[in-house]
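Enquirer: In this note's numbering, the protein residues as written are -8 to 223.
Backbone N, C-alpha and C fix where the C-beta goes; we use that ideal spot for every residue, glycine too.
Bear in mind the structure is a predicted one, so any value in this text is a computation, not a measurement.
Once you've had a glance at the structure underneath, I'll fire off some questions.
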């Protein structure tokens, strides 16, 4: 019952955040990050009403994917999210199982996704990862690269950019993450005014267990939660 209770508490916190921001809680999708969690734990989250599962590693996702097919388990359809760094040599498998890849951070990776998706007749939905905090050693495009790179990616026929993603620095005070979330929202708003970007970029994937409430206040539409669901 712990997972069920944790999810109920998360939803209460989402509602409270939306009230503060004047938003509708229905706008927020919880991506349940199941890295290192068992299939049984994931099933409990699904039974509790979650439908979006996020994985950090392609190989781990492949194993879980085989055990969580809706037909064999009487489960509701799952939307699979790749939320970790994606290496180009894993793209072939990734496009076969993931509905949304959150971590596209180079034009080269986008081109490989486009190539592999074309082979199976798929248009792959992706998010562009942005290093809003300018953290050295962290993945993601720099803020001043994003709009020009998106315009290049728009030429790829088997790639569809649905929005932006960022990971705020891991800090104790969630309020200090606010500027990085706000910056991502402002990037989205700027992109809307550029005619050569043919995407709405409606998804803002930002906020994790330690800072998701602030992210919602700044416009997040997807929050990526692991510990809040599985540990409370």
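Sorted by chain position, which residues of the same chain lie with C-beta nearer than 7 Å to residue -7's C-beta, five sequence neighbours on each side aside?
Expert: 223
Enquirer: For residue 209 and residue 54, what's the separation of their Cα atoms in angstroms?
Expert: 35 Å
Enquirer: Let me know the beta strand (DSSP E) ranges lying completely inside the stretch 192 to 221, each 3 residues or longer, listed in chain order.
Expert: 194 to 196 and 213 to 216
Enquirer: In angstroms, rounded to a whole number, what distance separates the CA positions of residue 169 and residue 107?
Expert: 36 Å
Enquirer: Where does residue 82 sit, in a helix, a strand or coil, going by DSSP?
Expert: helix
Enquirer: Would you tell me roughly how many angstroms separate the C-alpha atoms of residue 128 and residue 113, rounded to the nearest one?
Expert: 32 Å
Enquirer: Can you name, in chain order, every residue of its own chain whose Cβ lies under 8 Å from the Cβ of residue 312, other than the five neighbours on each side?
Expert: Because the chain spans -8 through 223 in this model, residue 312 falls outside it and cannot be assessed.
Enquirer: Counting C-beta neighbours from all protein chains within 10 Å, is the total for residue 4 16 or more, i.e. buried, or is it exposed?
Expert: exposed
Enquirer: Pop quiz: residue 123 and residue 175 are said to be a contact at Cβ under 8 Å. What is the actual Cβ separation, rounded to whole angstroms?
Expert: Confirmed, about 6 Å.
Enquirer: Sort 198, 103, 143 and 115 by Cα distance to residue 156 and report the nearest one.
Expert: If you compare the alpha carbons of 198, 103, 143 and 115 with that of residue 156, the shortest gap goes to 198.
Enquirer: Can you check whether the CB of residue 104 is closer than 8 Å to the CB of residue 117?
Expert: Yes, Cβ-Cβ distance for residue 117 and residue 104 is below 8 Å.
Enquirer: Buried or exposed: which applies to residue 74, given that a residue is buried once 16 or more other Cβ atoms fall within 10 Å of its Cβ?
Expert: Here residue 74 is buried, its C-beta having at least 16 other C-beta atoms within 10 Å.
Enquirer: In the DSSP output, which residue or residues are listed as bridge partners for residue 156?
Expert: 120 and 196.
Enquirer: First and last residue of the alpha helix (DSSP H) that includes residue 43?
Expert: Premise fails: residue 43 lies in the beta strand (DSSP E), 43 to 46, not in any alpha helix (DSSP H).
Enquirer: Grouping DSSP H, G and I as helix and E and B as strand, with all else coil, what is residue 95?
Expert: strand
Enquirer: With respect to the alpha helix (DSSP H) encompassing residue 141, which residues constitute its N-terminal and C-terminal limits?
Expert: Run containing residue 141: 134 to 144, per the alpha helix (DSSP H) assignment.
Enquirer: Taking DSSP's pairing of strands, which residues face residue 151 in a bridge?
Expert: 116
Enquirer: Quick check on the DSSP output: the beta strand (DSSP E) that includes residue 58 runs from which residue to which?
Expert: It is not in any beta strand (DSSP E) - residue 58 instead sits in the alpha helix (DSSP H) that spans 49 to 58.
Enquirer: What number of angstroms, rounded off, separates the C-alpha of residue 184 from the C-alpha of residue 30?
Expert: Between residue 184 and residue 30, the C-alpha separation is close to 43 Å.
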